[in-house]
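**Q**
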Amino acid sequence: MGNESSTVTAGIRDQVDSRNNVVYKLGDVTGNGELALLAREALRSNDFRLLDEKIREKIRPLLYNDGEGMLLPIESIIALRHKERTGSELNVPPSGVRKAVTWRIDKRGTVGETLLHVCFLSGLPEHMKLLAKRLVAMFPKIINDFYLCDEYYGESVLHMGICSENPEIVRYLLSHGADVSQRCCGNFFTCDDQKGTRTDAADQEIVLLSKSTTYNG
1 MGNESSTVTA GIRDQVDSRN NVVYKLGDVT GNGELALLAR EALRSNDFRL
51 LDEKIREKIR PLLYNDGEGM LLPIESIIAL RHKERTGSEL NVPPSGVRKA
101 VTWRIDKRGT VGETLLHVCF LSGLPEHMKL LAKRLVAMFP KIINDFYLCD
151 EYYGESVLHM GICSENPEIV RYLLSHGADV SQRCCGNFFT CDDQKGTRTD
201 AADQEIVLLS KSTTYNG
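Anchor point for the sequence shown: position 112 equals 112 in the UniProt record's numbering, and the numbering is continuous, going up by one each time.
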């Protein structure tokens with residue numbers, strides 16, 4: 001548990017400390033950042049025009065195909081978590097399996113999250129809830145983007161809404177197309193005695209694990 005706690009703490013520290021990251025300049029876990037502050041002002045004035053304009057200006061370059069997304073080879077996605085976990089490249093032939101991704105993988109937060117994830121990480125105070133909803137309104141497909149890092153791989157904002165026991169936001173996400181079949185398979189979600197057995201295969205997204213575990217469920 002000590003190693004797990006250290007990994008999680010390091011990830012949180014990276015999110016706070018990486019002020020030069022393009023995502024955190026727009027919004028961070030403290031509820032600050034350029035778009036976060038504009039959302040706070042929009043709440044005060046009830047005028048969303050400047051916020052919406054800046055979202056279009058700042059977010060579109062961070063997305064594939066202006067927000068329409070792209071089908072990426074699955075091996076190019078899992079190669080990121082594989083290198084993070086093992087320190088080596090995932091050298092496998094193309095599998096033909098593809099995964100829909102909207103937020104560019106090279107424009108993410110330090111643990112592979114999007115600005116929409118960051119809104120949820122902030123605890124969704126009113127201005128960050130507004131920012132999240134305006135992001136989804138203008139770029140609907142980002143609702144199904146997921147964490148890329150090995151620790152939290154696969155986690156979407158729907159998972160985060162469920163874990164925070166927030167029925168209002170869960171209802172909102174489901175009504176706006178959140179994918180209920182997206183699976184979390186990061187190290188954080190793995191039984192302790194299976195963590196050391198995590199491996200990747202080129203033809204599937206889910207991490208392979210030993211079937212032997214002392215977890216009783």
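Backbone N, C-alpha and C fix where the C-beta goes; we use that ideal spot for every residue, glycine too.
By how many angstroms is the C-alpha of residue 207 removed from the C-alpha of residue 213?
**A** Using only the alpha carbons, I get a separation of about 15 Å.
**Q** Nearest to residue 148 by CA position, among 114, 164, 131, is which residue?
**A** Answer by Cα proximity: 114.
**Q** Could you give the uninterrupted runs of the alpha helix (DSSP H) lying entirely in the region 70-135, keeping only those of 4 residues or more?
**A** Whole alpha helix (DSSP H) segments, 4+ residues: 74-86, 115-121.
**Q** Over the uninterrupted alpha helix (DSSP H) stretch that includes residue 163, give me the two end residues.
**A** Counting along the chain, the alpha helix (DSSP H) containing residue 163 begins and ends at 157-163.
**Q** Under 8 Å by Cβ, that's how I've got residue 105 and residue 200 pegged, so tell me the actual separation to the nearest angstrom.
**A** Not quite, the Cβ-Cβ distance comes to about 16 Å (not below 8 Å), so this is no contact.
**Q** So the candidates are 47, 125, 192; which of them puts its Cα closest to the Cα of residue 216?
**A** The candidate whose alpha carbon is nearest that of residue 216 is 192.
**Q** With which residues is residue 197 paired in a DSSP beta bridge?
**A** Residue 197 pairs with nothing; no bridge assigned.
**Q** Tell me whether the beta-carbon of residue 28 lies closer than 8 Å to the beta-carbon of residue 118.
**A** In contact: residue 28 and residue 118 (Cβ atoms closer than 8 Å).
**Q** Can you pull the DSSP bridge partners for residue 208?
**A** Partner(s): 199.
**Q** Is the distance from the Cβ of residue 43 to the Cβ of residue 124 below 8 Å?
**A** The answer is no: Cβ separation not under 8 Å.
**Q** Would residue 188 and residue 151 be called neighbours here (beta carbons separated by less than 8 Å)?
**A** Cβ atoms of residue 188 and residue 151: closer than 8 Å.
**Q** Less than 8 Å between the beta carbons of residue 134 and residue 66, yes or no?
**A** Not closer than 8 Å, so no.
**Q** Excluding five sequence neighbours on each side, which residues of the same chain lie with their C-beta closer than 6 Å to the C-beta of residue 39?
**A** Here the set comprises 51, 127, 130, 131.
**Q** In whole angstroms, what separates the C-alpha of residue 220 from that of residue 157?
**A** No information on residue 220 is available, as it lies outside the stretch 1 to 217 that the chain covers here.
**Q** Just the C-alpha distance for residue 205 and residue 90, rounded to the nearest angstrom, thanks.
**A** Straight-line Cα distance between these residues: approximately 13 Å.
**Q** Among the residues of its own chain, which have a CB less than 6 Å from the CB of residue 161, if the five just before and after it don't count?
**A** So the list reads 169, 170, 173, once near-sequence residues are dropped.
**Q** By a C-beta neighbour count over all protein chains shown, 10 Å radius and 16 as the cutoff for buried, is residue 144 buried or exposed?
**A** That one is buried.
**Q** Give me the Cα-Cα distance between residue 22 and residue 107, rounded to the nearest whole angstrom.
**A** About 7 Å.
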